[in-house]
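In the numbering used here, the protein residues as written are 317 to 880.
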Amino acid sequence: MILILLSWLYIYFTAIIFGIAFSKIMRLQQFEFVLIPIYGLFSLTLVATVWAFLGPINLFFHLFLCIASLLLWYKNKETTSSFFKGTFNQVKSFSFTVTILFIISSLLILAQSATLPFIIDNESYYIQTIKWLNEYGFVKGLANLHLFLGQTSGWHITQSIYSFSFIYDRFNDLNGFCLLLLNFFAFQKLNNYFTEGNKIDLVFGLMPLSYVFLFQFISAPSPDLPVYVLAFIIFSVYLEKEHPENRFITISILALFSVFIKITAVILLLFPLLLILKHLLILKKQFLQVLFLGSFVLVLFISKNAVLTGYPLFPLLCFRIDAFDYTVPSSIIDYFFSKSMLHSFYIPYKLFDKMSAIEMIKYYFLSNGISGYIGMASLFLILVTPIVIIKKRLSKSFWAIYLAFVALIILLSLSSPQYRFFIYFSIFFMLVLFSMFISKPQIIIRLMAINLVVIVIILTLPMSFENLTQNKFLTDNNTFHFKNILIPEPNSKWNNEYKKTSIGNMHYHSPTDTSFFWVTGNGHLPCINSIQLDYFHNGFLYIPQQRSIDLSHGFYSQKVSGNE
Numbered sequence: 317m318i319l320i321l322l323s324w325l326y327i328y329f330t331a332i333i334f335g336i337a338f339s340k341i342m343r344l345q346q347f348e349f350v351l352i353p354i355y356g357l358f359s360l361t362l363v364a365t366v367w368a369f370l371g372p373i374n375l376f377f378h379l380f381l382c383i384a385s386l387l388l389w390y391k392n393k394e395t396t397s398s399f400f401k402g403t404f405n406q407v408k409s410f411s412f413t414v415t416i417l418f419i420i421s422s423l424l425i426l427a428q429s430a431t432l433p434f435i436i437d438n439e440s441y442y443i444q445t446i447k448w449l450n451e452y453g454f455v456k457g458l459a460n461l462h463l464f465l466g467q468t469s470g471w472h473i474t475q476s477i478y479s480f481s482f483i484y485d486r487f488n489d490l491n492g493f494c495l496l497l498l499n500f501f502a503f504q505k506l507n508n509y510f511t512e513g514n515k516i517d518l519v520f521g522l523m524p525l526s527y528v529f530l531f532q533f534i535s536a537p538s539p540d541l542p543v544y545v546l547a548f549i550i551f552s553v554y555l556e557k558e559h560p561e562n563r564f565i566t567i568s569i570l571a572l573f574s575v576f577i578k579i580t581a582v583i584l585l586l587f588p589l590l591l592i593l594k595h596l597l598i599l600k601k602q603f604l605q606v607l608f609l610g611s612f613v614l615v616l617f618i619s620k621n622a623v624l625t626g627y628p629l630f631p632l633l634c635f636r637i638d639a640f641d642y643t644v645p646s647s648i649i650d651y652f653f654s655k656s657m658l659h660s661f662y663i664p665y666k667l668f669d670k671m672s673a674i675e676m677i678k679y680y681f682l683s684n685g686i687s688g689y690i691g692m693a694s695l696f697l698i699l700v701t702p703i704v705i706i707k708k709r710l711s712k713s714f715w716a717i718y719l720a721f722v723a724l725i726i727l728l729s730l731s732s733p734q735y736r737f738f739i740y741f742s743i744f745f746m747l748v749l750f751s752m753f754i755s756k757p758q759i760i761i762r763l764m765a766i767n768l769v770v771i772v773i774i775l776t777l778p779m780s781f782e783n784l785t786q787n788k789f790l791t792d793n794n795t796f797h798f799k800n801i802l803i804p805e806p807n808s809k810w811n812n813e814y815k816k817t818s819i820g821n822m823h824y825h826s827p828t829d830t831s832f833f834w835v836t837g838n839g840h841l842p843c844i845n846s847i848q849l850d851y852f853h854n855g856f857l858y859i860p861q862q863r864s865i866d867l868s869h870g871f872y873s874q875k876v877s878g879n880e
């Protein structure tokens, strides 16, 4: 916990300094206490993305970061000092009870960050993506080695900045810092509700009630959590009525960051679009600013994907670049992005084309385990929310958020309708319903306390979730131990034993425990599961090969005969 806290302080100060500079570039007039560090993380992500085309995000990047931070601090030291004082005064304004809840929940976030990662995707490609960025930057054709490495989320680029791999190998905790920002935002809103009685503040003030769910995303750099956090803040800013110029720029920045993190967040671009349509004459100047920023982000997104996969809009399969020798073979891409495969999270493989719409809805929303519970709750909210908006005469802005929710469900039904891609809408509307029935401060405080007790129990006592998931890798929680007060757990919960072997001209490390097809864990580069290699070899007649003896030159897929 202590080491992670120190890393968070470094993240906070660098993010604040870059956030203030970025705000001035975008000519924002307000310096919000939660938004500034997010702006800083966004601007740093863009800088690191450009850097990754040139080389690894390593010690030299941090030397640049420290020098740039000192120069920007000196240039904006009065604004920076004022910002820190304002943040401190904001915390001081919290009531005693809110302060205690805020401190306890923040400590629990820190404790959860020190535990072993829970999300299985961390073992398949999160760790490896960040290692490649730290050691080589963007590598041509990296998706030929492991298809998931072609995704390289913007959030993993951000995490690669703060993994400090040249110092210590257990920093993987940016998600905890991200939830800490949401925690401050939520208790700020709750305190405002207790003092001013604004119902919309209560909606966001109840956010800590969702931590039992959100905590599973803390101990690994899952791109889902930052999208949730950014979306909640977008909803909050969108529901405000004043300062359309600032609101438009703020929502645009948050939406662009969300999409750069995860393409399934593209629906969030609807909110700046609605604002520009509503305030076209007022926002002409701001629109040009956002258009320039959006174009820059798009160029980085296209360039990154083209280098890693040969598909500029990956995971969209259009505009394939055949001229690159490292472009992932179409037979592999077409198979793994077929409708049957994309829907296999809910529907047994190869049954998709044979099912009726009613049968699909049943699988999507009425399956077993936690997916079924979340699906049924989401379906309930889709049906009930319009009634609530009409009966309670809520702002028209709620309709926009609701329609975005429905539109996302429809879009996902055509691609990959996993609940983690839309659940932030479900959480938001569930909190809207709660706010209709839970309004007394005493009841809210009690619910918050009970919620924190439940989190403590899950965090400290071994538990089985076999009734909630069929995924054997997610059935047990990872608990906090006394030693974690100082030393965090490793970045990987997988067996660390690997064997070094080769195929063609490529020498690689394969985990000895191959019970998970996509597993790579924290193996040395390049790392790939030999079982996966055999599958691609036998099923597609392709094997990954190095483009030269230097790993930084990348990989390509070599066609082989069936009996090689």
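We put the CB at the ideal spot given by N, CA and C, even for glycine.
Supposed contact pair Leu768 and Lys447 - C-beta distance, whole angstroms, cut 8 Å: Residue mapping note: residue 447 aligns to position 131 of the sequence shown, counting from 1. Residue mapping note: residue 768 aligns to position 452 of the sequence shown, counting from 1. Incorrect: roughly 35 Å between the Cβ atoms, too far for contact.
Rounded separation between Ile743 and Met676 - CA only: Within the sequence shown, numbered from 1, the residue matching residue 743 stands at position 427. Within the sequence shown, numbered from 1, the residue matching residue 676 stands at position 360. Roughly 23 Å between the two C-alpha positions.
Which residues DSSP lists as bridging Phe832, in chain order: For the purposes of this step, residue 832 is taken as the residue at position 516 of the sequence shown. DSSP output for Phe832 lists no bridge partner at all.
Whole-angstrom C-beta distance between Pro804 and Ile320, which should lie under 8 Å: One-based indexing of the sequence shown puts residue 320 at position 4. One-based indexing of the sequence shown puts residue 804 at position 488. Ile320 to Pro804, Cβ: 6 Å. Contact.
Sequence-distant residues of its chain with Cβ nearer than 7 Å to Phe533 (five each side left out): For the purposes of this step, residue 533 is taken as the residue at position 217 of the sequence shown. Within the same chain, Phe533 has close Cβ partners Ile435, Asn491, Asp540 and Leu541.
N-terminal and C-terminal residue of the alpha helix (DSSP H) that Gln848 is part of: Working through the sequence shown from its first residue, we reach residue 848 at position 532. Ser846 to Phe856 is the extent of the alpha helix (DSSP H) around Gln848.
Beta-carbon contacts of Ile725 that lie in its chain and below 8 Å, excluding the five residues immediately before and after: By 1-based counting over the sequence shown, the position of residue 725 is 409. Answer for Ile725: Ser694, Ile698, Pro733 and Phe738, listed in chain order.
Option in Leu387, Glu439 and Glu451 with minimal Cα separation from Leu370: To locate residue 370, count along the sequence shown from 1; it is residue 54. Checking every option, the nearest Cα to that of Leu370 belongs to Glu451.
Close Cβ partners of Gln406 (< 6 Å) along its chain, the five nearest in sequence each way excluded: The residue given as residue 406 occupies position 90 in the sequence shown. Excluding positions up to five away in sequence, the list reads Phe349.
Local Cβ density within 10 Å of Phe612, reported as buried at 16 or more and exposed below that: Position 296 of the sequence shown, counting from 1, holds the residue named residue 612. Result: exposed.
Other residues of its chain near Gln504: CB distance less than 7 Å, five sequence neighbours each side excluded: In the sequence shown, residue 504 corresponds to position 188, counting from 1. Within the same chain, Gln504 has close Cβ partners Gln406.
Contacts around Ile332, its chain only, beta-carbon distance under 8 Å, and the 5 residues preceding and following it disregarded: Here the question's residue 332 lines up with position 16 in the sequence shown. Excluding residues within five positions, the ones whose Cβ falls inside 8 Å are Ile352, Pro353, Gly356, Thr396, Phe399 and Phe400.
Closer than 7 Å to chain B by CB, Ile761: The chain labelled as chain B is not found in the depicted structure, where only one protein chain is given.
Euclidean distance between Cα positions of Lys756 and Ser421: The count along the sequence shown starts at 1 and reaches residue 756 at position 440. The count along the sequence shown starts at 1 and reaches residue 421 at position 105. For Lys756 and Ser421, the distance between alpha carbons rounds to 21 Å.
Inter-stretch contact at 8 Å, needing at least 3 Cβ pairs: the region 375 to 382 / the region 453 to 462: no
Helix, strand or coil at Met671 [DSSP, three-state]: Residue 671 sits at position 355 when you count from the first residue of the sequence shown. Three-state DSSP puts Met671 in coil, outside helix and strand.
Nearest-angstrom beta carbon gap, Leu498 and Met523 [assumed within contact, 8 Å]: In the sequence shown, the residue the question calls residue 523 occupies position 207. In the sequence shown, the residue the question calls residue 498 occupies position 182. About 7 Å; that satisfies the 8 Å criterion.
4-residue-minimum alpha helix (DSSP H) runs that sit fully inside the region 680 to 755, ordered along the chain: 685 to 707, 712 to 729 and 739 to 753
C-alpha gap between Tyr642 and Leu585, whole angstroms: Taking the sequence shown and counting its residues from 1, one reaches residue 642 at position 326. Taking the sequence shown and counting its residues from 1, one reaches residue 585 at position 269. Using only the alpha carbons, I get a separation of about 32 Å.
Short Cβ contact (7 Å threshold) for Thr701 with Phe745: The sequence position of residue 701 within the sequence shown is 385, counting from 1. The sequence position of residue 745 within the sequence shown is 429, counting from 1. Yes, the Cβ-Cβ distance between Thr701 and Phe745 is below 7 Å.
Under the three-state DSSP convention, the category Pro628 falls into: In the sequence shown, residue 628 corresponds to position 312, counting from 1. Coil.
Presumed contact (8 Å Cβ cut-off) between Thr795 and Thr817, rounded CB distance: Within the sequence shown, residue 795 is the residue found at index 479, counting from 1. Within the sequence shown, residue 817 is the residue found at index 501, counting from 1. Rounded, the Cβ-Cβ distance is 35 Å, inconsistent with contact.
Beta strand (DSSP E) segment containing Met822, residue limits: Here the question's residue 822 lines up with position 506 in the sequence shown. Where Met822 is concerned, the enclosing beta strand (DSSP E) stretches over Met822 to Pro827.
Neighbour-count burial assignment, His823, 16 or more Cβ in a 10 Å radius: Indexing the sequence shown from 1 puts residue 823 at position 507. His823 comes out exposed.
Residues bridged to Gln602 (per DSSP): Mapped onto the sequence shown, residue 602 falls at position 286. For Gln602, which the question treats as bridged, DSSP gives no partner whatsoever.
Chain-order list of residues whose beta-carbon lies under 6 Å from that of Thr566 (same chain, five-residue window excluded): Here residue 566 corresponds to residue number 250 of the sequence shown, with the count starting at 1. Taken in chain order, the residues that qualify are Val553.
The alpha helix (DSSP H) enclosing Gln406, as first and last residue numbers: On the sequence shown, position 90 is the one that residue 406 refers to. Element bounds for Gln406: Lys393 to Lys408.
Straight-line gap, Asn845 to Gln444 (C-alpha atoms, nearest Å): Counted from its first residue, the sequence shown places residue 845 at position 529. Counted from its first residue, the sequence shown places residue 444 at position 128. Looking at the two C-alpha atoms, the distance is approximately 12 Å.
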